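In the UniProt record's numbering, the protein residues as written are 1 to 113. Contents: one structure, followed by commentary.
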């Protein structure tokens with residue numbers, strides 16, 4: 001069993017001391033399913049990147065901004081957003097951690113460009 005609260009605190013602590021202001025770990029890797037904890041200190045951005053065939057972000061701590069073609073959306077702890085089919089970026093508005101869930105390798109579907 002994985003304790004998400006403990007992992008969140010550990011990765012926030014690591015991000016606060018990391019030169020790049022981030023810490024990440026894949027916590028589930030089962031076939032095409034991936035779940036990763038990503039912690040960012042305030043102001044750090046994951047630059048625009050392709051989305052896998054299916055993805056969501058659930059904020060565990062703090063506040064983030066998701067920037068996509070259709071506009072920006074700010075998410076607080078406890079909120080969940082689908083990221084599928086859009087290039088996007090994520091910026092930490094406060095020290096933040098989120099659970100990124102992705103499904104990769106769906107036959108006939110690639111990452112969105």
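Every residue, glycine too, gets a C-beta built ideally from N, C-alpha and C. None of these values were measured; they are calculated from a predicted model.
Closest Cα partner of residue i within the set the options
| i | options | result |
| --- | --- | --- |
| residue 77 | 86, 83, 65, 87 | 65 |
| residue 6 | 18, 27, 22, 21 | 27 |
| residue 101 | 23, 1, 4, 35 | 35 |
| residue 90 | 24, 74, 16 | 74 |
| residue 9 | 79, 69, 39 | 39 |
| residue 51 | 92, 1, 68 | 68 |
| residue 13 | 30, 47, 37, 29 | 37 |
| residue 99 | 71, 23, 86, 48 | 23 |
Sub-8 angstroms separation of residue i and residue j beta-carbons
| i | j | result |
| --- | --- | --- |
| residue 82 | residue 32 | no |
| residue 44 | residue 21 | yes |
| residue 94 | residue 54 | no |
| residue 97 | residue 46 | no |
| residue 49 | residue 87 | yes |
Assigned secondary structure, residue i (DSSP; H/G/I helix, E/B strand, else coil)
| i | result |
| --- | --- |
| residue 30 | strand |
| residue 81 | strand |
| residue 100 | strand |
| residue 91 | strand |
Every unbroken beta strand (DSSP E) within the region 3–71, with a cutoff of 3 residues, ordered by chain: 22–30, 33–40, 45–49, 54–61, 63–68
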